[in-house]
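Heads up: the sequence shown begins at 32 in the working numbering, then just goes up one per residue. Ideal Cβ placement from N, Cα and C applies to all residues, glycine included. As the structure is a prediction and not an experimental result, all values here were calculated from the model.
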Amino acid sequence: MLRAAWNIIGEHVRRLYEGCLRLGHHPQPFREAEVVMIAKPGRRNLSTPRAWRPISLLSCLGKGLERLIARRLAWASIHYGVLHPQQAGALPKRSAVDLVAALVHDIEEAFARGQAATLVTMDIQGAFDTVLRNRLILRLRLQGWPEHLARWAGSFMSDRSACVRYQDITTSSSPLQCGLPQGSPVSPILFLLYTEPIYRLGNPKGRFGYADDTGILCVGNSLETTADRASRYVSELVTWGAANGISFDPAKTEVMHFCRTKPKVSPPVFHEGERRPDKAMRWLGIWLDSTLTFKTHVEKWTAKAQAVAHHLRGLANTKHGPLPSAMQRAVRACVEPVLLHGAEAWYPGLSSPRWSQPTKEGSSGIQQLLRKMNKSLHNSMRAVLPVWRTTPIAALHRESGIPPIVQLLETRRLRFAARLKRLDEAHPLAKRTLQPRPPAIHKSIKLKYQMPREGFRTRLRRSDQLLLRSTRPLLLPHRFDEHATPLQTASKDESAEDFRIWLRSIPCETLIVYSDGSLSTEKVAGYGYVIHRNGLTLTSGNGRLGPAEVFDAEAKGALEGLRAALNLPSPRRIFVCLDNLGAAICLKGMPADSSQEVFLEFQALATTHGATEVRWIPGHTNIAGNEQADALAKAATSLPGRADALPTLAHLRRTARQQSRDAFEAWWDASAPDQYKPLHLKPTTGCPPELELPRPLLHHLLAARSRHGDFADYHERFNHDDARLSCSCGRRKEPSHLFYCRKILPRHRMRLAPSPTAAVNRAIGRDFDKFVKLAKARSSFFEWVCPRH
């Protein structure tokens, strides 16, 4: 409803938000909530209040203001270093898995030094409900936030009221004395700011926090030392909490000791009694054990994925059920994410360096874990495909478009490596993957004593090294253009005609910069630009980029074209026209991470000039300037490139995707069953087109490919004495019998020349539509002509 009415109410809402921020006031209607009670997952005893999660339903207009403030608070908290670097939750590009990955990295570094570690996790009791208004205002002022923001936070927390709704019963509204509403967009970041001093206490480098979950990591030469330190830090934290109205639930305090080998002794950590470690500890959704084998984690999440796979498998069989394509999407959306949960933090790869000899690598010892995960994945593929149980596993991977578990884990690892490159420098993972700077060399000291010692190649560092180094982007605040209009408002042909009409209407002295980017077949990126005034070409230029994509070349072409236009004598109004909609949007508004410095420089030049506009034009519509720029960009791909050019983030993402596809194809070439090799089928990580067929038809197609189906040879091989071995035409059932059956009318038969074998292989392989057409020729060939029974 707000979207539909925004053209009318948008200006009024903007003025309301600006007034609230200027005055530091949160309107009273926005402070009234309706609280719905949602049962926490896994809680069987619903008679206790802790088994329920109260969610506040607030005004949508009020949540818009809160979301705006939350975004600005989150960015400023990171940019100005207000929050601890290892706090996460409600912060951009910082997730729970990131914190666990940082924790595992620190523990592995301790292992490499021959040390032990102890982790204590604590939970803030009540969390949002414990926040006191005056203390929050004081905390914000001490942290240096503007006065109007502190006043707004005080107004946001004062005079709140709520009614409780459960099913069809709603209570009367009651006043609330303290606490942040759970369900408000701004509550999580305010809570992080409220609890920020926790992470500045003793041992700040070993403190981790996600919302109300706090972790303290202590590293030392023995477990007795680390446990003693952990007890002191816990006592210090509890004392601070008592002074600030925050309590920690002792029942949720957990301890885990970490050693290279399984520890023989487990000294306790004290928090209102002794706390000793269990076999494994769950923190932020990932199960940690004492030697970082993650066996418990894989078992727990594999069991969850297996349960979902069993449910999906019960929905279909070889004849009935949803389309295979729909089942494949369900597996990709519901099984794979569960099965691979936290792989960025725990998956070490198939090999890993030795603790005592880091330069040598051995097996990572996860084969047993991979076998357990494979069982769940196999069940998922059988839910997708209407095949018989004996169908080869390799064929299931190809036909379902789901790679083997090792390929999935390596794909997740490559995606994580690409994500590591786009993190800002203040991110805890970025700090742990920075290369050490070479020190100043003194001639009086031998060189071997001056070179920095290379850090142990932890899981995190090995993942980061999968892709080349790139320029790390900045963490930028969200940008909004008050006068922004959609760049594309009509179809491609209509937009081209509108542009020609506009071109004839502009003043003669206006400069038009046409820019374009191109990517050659050798994956070389180039850009080109041409500047027109009154239909005449003034100047042009082009250049080649390093490892980059078309998106990066479009941005670079626009920047170089604008630079050239500003160097012309007395440039007045400048229009930069390009045919890449994504690049045009980034030039006008929020820059992308890839080629971020190019977008920022373009925006700075455009702001300084004051009369520069960006316009999108449709490509390949015979617009003269655009065609010239396109030709220049293509020519630039053959120019010599710089050897020291760094790859762009867009190029690294494409490289990660391409490596995953290449690995799947290489695996298929080596593992394809013999009966599949004459078919020359290529695997795909997407949805194979065969999965759009109905399940009965797909069953017969896959049976013909794999030779595991209702065929005479198959029944004889497995001693199916009661099976029907011949078609109604009298011939034995074979995978190719459909193309030779006498009961298929001549007008429906397929021409099998010049090579019958090659024609049949094409028909059940890449040209499977011919198989489908023939199977449908007489109502249903496999139902009436060649039935199973």
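When DSSP states are grouped into helix, strand and coil, leucine 400 belongs to the helix group. Less than 8 Å separates the beta-carbon of valine 544 from that of isoleucine 562. DSSP assignment within the region 568-624 yields the following whole alpha helix (DSSP H) runs of 4 residues or more, N-terminal first: 581-598 and 612-619. For cysteine 51, the enclosing alpha helix (DSSP H) starts and ends at 33-54.
Secondary structure at valine 250: strand, using DSSP grouped into helix, strand and coil. Each of His302, Glu267 and His56 was checked against the Cα of alanine 282, and the nearest Cα belongs to His302. A residue is called buried when at least 16 other Cβ atoms come within 10 angstroms of its Cβ; glutamine 438 meets this threshold and is buried. Rounded to the nearest whole angstrom, the CA to CA distance from proline 725 to phenylalanine 802 is 13 Å.
Between glutamate 375 and alanine 132, the beta carbon gap of about 6 Å places them in contact (Cβ cut-off 8 Å). In the DSSP assignment, valine 339 falls within the alpha helix (DSSP H) that extends over 326-344. The three-state secondary structure of phenylalanine 742, taken from DSSP, is coil. For glutamate 285, the beta-bridge partners assigned by DSSP are Thr152.
Secondary structure note for cysteine 194: its beta strand (DSSP E) is the uninterrupted segment 191-197. The alpha-carbon separation between proline 720 and histidine 711 amounts to approximately 15 Å. The beta carbons of arginine 238 and glutamine 337 sit about 36 Å from each other, so the pair does not count as a contact at 8 Å.
Aspartate 800: not part of any beta strand (DSSP E); member of the alpha helix (DSSP H) spanning 799-806, first to last residue. Taking one beta carbon from each stretch, the region 680-696 and the region 585-595 have fewer than 3 pairs nearer than 8 Å; the two do not touch. Judged by DSSP in its simplified three-state form, alanine 521 adopts coil rather than helix or strand.
In this structure, the alpha-carbon of isoleucine 168 lies about 28 Å from that of threonine 152.
Put simply, the backbone Cα of alanine 703 is about 7 Å away from that of alanine 426. Secondary structure of isoleucine 220 (DSSP, three-state): helix. Counting the other CB atoms within 10 Å of its CB gives cysteine 91 a total below 16, which places it among the exposed residues. When only Cα atoms are considered, glycine 55 and proline 216 end up about 17 Å apart. Taking the C-beta atoms as reference points, isoleucine 109 is found nearer than 8 Å to leucine 506. The beta carbon of leucine 534 lies closer than 6 Å to none in the same chain, with the five residues before and after it left out. A Cβ-Cβ separation of about 7 Å places alanine 556 in contact with threonine 668 under the 8 Å criterion. Per DSSP, methionine 312 is one residue of the beta strand (DSSP E) stretching across 311-314. Between the beta-carbon of alanine 681 and that of glutamate 525 there is about 30 Å, and that puts the pair past the 8 Å contact cut. Ranking Lys804, Glu65, Arg444 and Arg102 by CA distance to the CA of isoleucine 200 puts Glu65 first. Taking one beta carbon from each stretch, the region 450-460 and the region 428-435 have fewer than 3 pairs nearer than 8 Å; the two do not touch. Note on isoleucine 155: 16 or more other CB atoms within 10 angstroms of its CB, so buried under the neighbour-count rule.
Counted as a single uninterrupted DSSP element, the alpha helix (DSSP H) harbouring proline 459 occupies residues 459-464.
Beta bridge pairing from DSSP links proline 85 with Met68. Exclusion of the five residues before and after isoleucine 39 leaves no residue of its chain whose Cβ lies closer than 6 Å to its Cβ. By the Cβ criterion, the region 323-337 is in contact with the region 356-371, since at least three pairs of Cβ atoms, one from each stretch, lie closer than 8 Å. As a beta-bridge residue in DSSP terms, tryptophan 647 pairs with Leu609.
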